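A.B. asks: All letters in the sequence shown, in the order written, are residues 2 to 969 by my numbering.
A virtual CB, placed ideally from N, CA and C, is assigned to each residue, including glycine.
Treat the numbers as computed from the prediction; the structure is a model and nothing was measured.
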Amino acid sequence: MYSLKTYIIIIALWFVKAWSYAQNPVFEHMSAVSKLPDVEFYDILEDRNNFIWFAADKGLFRYDGKSYTRYSHADQKANSLFQLKEDQEGKLWCNNIYGQLFYAENDQLHLFYDASQLVKGQLAAYTILDHHIRLFTTTGIFDIDKTTKKITKVFEGLCISNANSKSSNYVFVIKKEGQLNKHSVYKIEGAHPAKLFEINSLKLIQSPRLFAFKEEVFLTHKSDSENIIYIINKADDSIKQPKTPLELKDEIIYNLLNFENDYWFLTTAGIFVYQLKNGHFIFKEQLFKTESITDVEVDFNNNYWFATLDNGVFVSPNLEIRHVALAPTKSKITASCALNANQFVLGTNDGKLFFYDQLRRIKTLKLPGQKIIGNLFYDEKQQQLIISINASESFIVNLKNDKITDAINKFSVAKSISKLNDSLLFYGNFKEGIVYNNPYNSKEKNILRSSRVKASVVHKDTLFVAYMDGLFQYDLNHFSSEELQFKGQSLLVNAMCQSKVGVWLATQHNGLMRLADNRLQKSIVQLPKEVQINTVKSDGDDLWISTDVGLFQYNTRSHNLKSLSAQDGLNTAVDEFLILKDFIIVSLPQSFYVLPKGTRLFKNFKTSKIALEAIRINDRDTILQSQYQLPYDANKIELQFNSNGFQSNKHVTYHYRVQQLDSSWQTVQLNTHVINFNSLASGRYLVELKAKNVSAKKAVFASPISFVIAKPFWETWWFYTLILISVFGLIWLYFRWQLHQKEEQRITEIDKILIDKKITNLRLENLRSQMNPHFIFNALNSIQDYIVSNEKELASSYLVKFSRLIRMYLDYSQQNEITLEEELNALKLYLELEKVRFEDELEYHITVDNLLNTNQIKVPSLFIQPYVENALKHGLLHKSGYRNLTVDAKVVQQNKLQITVEDNGIGREQSEKLKRPNQHKPFATKANEERVHLYKNKLKRDITIVIEDLYDESHTALGTRVVIIMPI
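#1: Beta-carbon separation of F307 and Q287 under 9 Å?
#2: Please classify I965 as buried or exposed, where buried requires at least 16 other C-beta atoms within 10 Å of its C-beta.
#3: For K874, which of helix, strand or coil comes out of DSSP?
#4: Could you tell me how far apart the beta carbons of K563 and F603 are, in whole angstroms, since I believe they sit closer than 8 Å?
#5: Going by DSSP in three states, A33 sits in which element: helix, strand or coil?
#6: Taking the beta strand (DSSP E) that H652 belongs to, which residues open and close that run?
#7: Report the three-state DSSP secondary structure of L765 (helix, strand or coil).
#8: T608 and S566 - do their beta-carbons sit closer together than 9 Å?
#9: Quick check on the DSSP output: the beta strand (DSSP E) that includes L806 runs from which residue to which?
#10: Leaving aside the five residues before and after D850 along the sequence, list all residues of the same chain whose C-beta is less than 7 Å from its C-beta, in chain order.
#11: Would the stretch 307–321 count as touching the stretch 359–369 if we require 3 or more Cβ pairs under 8 Å?
#12: Within 10 angstroms of its Cβ, does W94 collect 16 or more other Cβ (buried), or is it exposed?
#13: Please return the same chain residues whose Cβ sits closer than 7 Å to the Cβ of A1, not counting the five positions on each side in sequence.
#14: My understanding is that A408 touches I397, with C-beta atoms under 8 Å, so please give their C-beta distance in whole angstroms.
#15: Are H674 and K67 closer than 9 Å when you measure CB to CB?
#16: Just list the residues that DSSP pairs I585 with in beta bridges.
#17: Got a sec? Which residues, its chain only, sit under 6 Å from P194 by beta carbon, not counting five neighbours each side?
#18: For L82, tell me which candidate among G91, Q89, E90 and R63 has the shortest Cα-Cα distance.
#19: Measure the alpha-carbon distance for L821 versus I858 and round it to whole angstroms.
#20: Quick check on the burial criterion: 16 or more other C-beta atoms within 10 angstroms. Buried or exposed for P329?
#21: Here's the rule: buried if 16 or more other CB atoms are within 10 angstroms of the residue's CB, otherwise exposed. What is V728?
#22: Is R617 near Q648, with beta carbons less than 9 Å apart?
#23: In three-state DSSP terms, what is T153?
#24: Which class does G1 belong to by DSSP, given the choice of helix, strand or coil?
#25: I need the straight-line Cα distance from V701 to I206, nearest angstrom please.
#26: Can you check the stretch 883–908 for any beta strand (DSSP E) of at least 3 residues that lies completely inside it and give the ranges in chain order?
#27: Looking at V902: is its Cβ nearer than 9 Å to the Cβ of V963?
#28: Any idea what DSSP makes of Y633, helix, strand or coil?
#29: Note down the Cα distance separating Q371 from S393, rounded to an integer number of angstroms.
#30: In chain order, what are the residue ranges of uninterrupted beta strand (DSSP E) at least 3 long that sit wholly in the stretch 398–479?
#31: Is there contact here, the stretch 31–47 with the stretch 71–89, by at least three beta-carbon pairs under 8 Å?
#32: Could you check where the beta strand (DSSP E) with K523 kicks off and where it finishes?
#33: Excluding the 5 residues preceding and the 5 following Y633 in the sequence, name in chain order all residues of the same chain whose CB lies nearer than 7 Å to its CB.
#34: Considering only C-alpha positions, which residue in the set V837, S814 and T855 is nearest to N826?
#35: Using only the alpha-carbon positions, how far apart do K699 and T668 sit?
#36: Rank I819, N438 and N885 by C-alpha distance to the C-alpha of D841 and give the top, closest one.
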């Protein structure tokens, strides 16, 4: 036992404010959710489409659950915008100090009217009527026609503030009469003002504000010493001046709102919440005392949005759940225990015990040394608090006198403690389960089983103990044990509790189970899949279940399951919690959540309707519509969509179905707001889309979108018809072409026969010219001379050459073409015979380019010889002295054959003079010319012949040159 003076520190403070540590509702600061565009905000409004609008110092912003969009106008004179209002058409209105009135429509900010000449640089209140905008200025009240913009003055006076209630306007007006200031409140219905009451003062009233509610209209203003409040009864226009609450006397009141039966005063010191009963304000609580709050908006999911002047915007997902900090201590909570009614105690890692009653800390006890408190157990009948230390120590605190007794290691490292009856106590630790008899005064114990204990509970006359290797039940009379198994397998239980309907077991492999009437069965509680249960506790008909994804409440009578999760602001995996008379306490390391029991704790979440934000076809934006007729190649489709709401990107899941493709709904990945169809085949598609808040019961559906993708032209009926016609047409053209080809072939064959016949005739003429009598007679004379001269060998040689030449002529004349080598060989043989006739006064040279493959190049048969014969007969025969003839063959002009026949004879001009009258052109020359003509025009073989006369400088004939060019 330790001295209280030495080891006990008792702090008992009974004043509410002294122990009201940061008991604010749970909230999320919007800067942690998504980057806030500003820190100074004046108004918040949720429109009919569940967009959240912010009027801020930097302008007008809209939040859709995932990002912000700024709205501005090119003629806007000031960034700061105020007084957000939505009209019956869904337009959002706002104004600025300069006097400009704006409205947002179709994702654009429009300037309605510039009333700068009326407002004189003061922020003017306004209200939206059916056909007018009523503007309250320091120069009077004006109606601005919505259509014509015509201005009508309704009231004369210095209007400072107004409040609108259905068809009535309440206006605060100041009029000066000498040194006296008359401050009046008027009620204006239509264009008819009526004075309700008047406040006369030598000084101007400061910060007058009017606020209209269902049954009352409030007027607040600042006097020399404090805030003054008037209440106007709307039914009879009676006036009351209640006593200003002490907390509000010195604060600046920015706004006054009414939620159910509570009035919220928004001030520089947060929100003061009051109830109005019998004309008196009854204080309830103060929220966010360090914030200057200007506006509060409650959205469709009962999320509370708070706008501040210097700290941005924060949202409370559940106003019922409060978050209480341990500040100003650095201690961390390691254990907790419920006491009587709404009392509980928290144990820390430094040996402190914090005692709470009705959420107020009433005292603190300190154990000796720095002890990590691992477990707490309260014996209600004995009013003893057992403290288990995570070491070989334990203590007992008598809560009657706060006396601490050292229990040594009797309850150290406790995993579970259960009271069996007035004299017996079960204690389980990391190695065994023990039953103590008279635990506070005796050391008598009974070790039930040596195994690590995880949980224990007493139900009726049975003790149930969950060990790490199985679940056992013990009879309280004899402590005989029996293992409980399920389907022949040991049960591994993490937590359990007893209730009216039996014992609930949170198992590792079989989920939540119930043991009733010695029968084990799986629970029908439909928890989310793969959720691990941490703790279960019973509270009457309700079963509370803590998991890593939140806290669940299951009613064993109605079988109704409710949940609290991160969407409610419970941003933690819930492990240990306490059930008090009116509250649920969820402990954190340095704070705890307070959850009041009752139906108000649980919200009925809704899902905002799905808005199609954009449809892109082939990566290009298109106009939004319900039906699309698309060509076959416009088949890459992207749908962008969103369901508005606080953090909807985290809490709303989307599903889609294409009736022609999907038999079931396809899930879109969380935080994804787009569906892509990369290559849809031709056909008709109906795309359905639905969204569901993860905590909502029902989904919402978007209007289906129809896409009709045309078939490619090659799959259309007209294309098949065209193909069929084309095929028949091609067949007809083919057969016609075949007939034409055959006709052309027949004509060609006839032409070829005629050409061949003509060429044959020409060859015969050529042969006839080559075998002319002169040549033959000369050859025979030469042979005769050799015989007479008894030159038998020469005669024999000459005769052989002559016979060979005649044989060549006869052979080659049967062919259209011969090789160049054959042509030159015949030419050489001919020249050798002619050289004899010229009695060796003839020199000839035949040269061939090395590039020419003479045995492969084809030339018309006996084509060169006539030109050589002409050179001999007409050029060299009549020349006296040295006679020379050259034949040159070479490649020229892009793979063409050039044959040059050149002589040094008398020339063509002199030869013509020597001709006998009426002498015709030689047969061979004429035949060759016709052959050239046939080759060019019929056989498409381009042969050119150029005959050139050679002269010296004195124009004396030097001979003739014939150039023959033909393709190789």
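C.D. replies: Answer, in terms of the structure:
#1: The answer is no: Cβ separation not under 9 Å.
#2: By the neighbour-count criterion, in which 16 or more other beta carbons inside 10 Å mark a residue as buried, I965 falls on the buried side.
#3: In the structure shown, K874 sits in a helix (DSSP, three-state: H, G or I).
#4: Right, their Cβ atoms sit about 5 Å apart.
#5: Residue state, collapsed to three classes: helix.
#6: Boundaries around H652 are those of the alpha helix (DSSP H), S649 to H652, since no beta strand (DSSP E) includes it.
#7: Residue confidence for L765 is low, a pLDDT of 48 falling below 50, so the modelled location carries little weight; the figure read from the coordinates is stated next. Under the three-state reduction of DSSP output, L765 falls in the helix class.
#8: In this structure, T608 does not lie closer than 9 Å to S566 by Cβ.
#9: Looking at the DSSP string, L806 is not in any beta strand (DSSP E); the run it does join, the alpha helix (DSSP H), is K793 to Y813.
#10: Only A890, K891 and V892 meet the Cβ criterion.
#11: Output reads no: the stretch 359–369 does not touch the stretch 307–321.
#12: Burial is judged here by how many other beta carbons sit within 10 angstroms of a residue's own beta carbon; W94 has at least 16 and is buried.
#13: The question about residue 1 has no answer, for the chain in this structure spans 2 to 969.
#14: Taking the Cβ atoms as the reference, A408 lies roughly 5 Å from I397, within the contact range of under 8 Å.
#15: Closer than 9 Å, so yes.
#16: For I585, DSSP records a beta bridge to I580 and L596.
#17: For P194, where only same-chain residues beyond five positions count, the Cβ hits under 6 Å are F156 and Y187.
#18: Cα-wise, what sits closest to L82 is R63.
#19: So the two alpha carbons sit approximately 6 Å from each other.
#20: Using a 10 angstroms sphere on the CB of P329, the tally of other CB atoms stays under 16, which defines it as exposed.
#21: Around the beta carbon of V728, a 10 Å sphere encloses fewer than 16 other beta carbons of the protein chains shown; the residue is thus reported as exposed.
#22: Contact flag unset, no.
#23: Reduced to three states, the DSSP call for T153 is strand.
#24: Outside the shown range of the chain, which is 2 to 969, sits residue 1, and nothing can be said about it.
#25: Between V701 and I206, the C-alpha separation is close to 52 Å.
#26: Qualifying beta strand (DSSP E) stretches, in chain order: 884–893 and 897–904.
#27: With a cutoff of 9 Å on beta-carbon distance, V902 and V963 are scored as near each other.
#28: Here DSSP, grouped into helix, strand and coil, assigns Y633 to coil.
#29: Taking the straight line from one Cα to the other gives about 13 Å.
#30: Under the rule that a run must span 3 or more residues, the beta strand (DSSP E) segments found entirely inside the stretch 398–479 read 404–409, 417–420, 425–429, 434–438, 446–450, 454–460, 463–468 and 471–476.
#31: The stretch 71–89 and the stretch 31–47 touch, with three or more beta-carbon pairs separated by less than 8 Å.
#32: In the DSSP assignment, K523 falls within the beta strand (DSSP E) that extends over R520 to K523.
#33: Closer than 7 Å at Cβ, skipping near neighbours: S683, I710, A711, K712 and P713.
#34: Taking N826 as reference, the option from V837, S814 and T855 with the minimal CA-CA separation is T855.
#35: K699 and T668: Cα-Cα distance of roughly 16 Å.
#36: Selected option, being the one with the closest Cα: N885.
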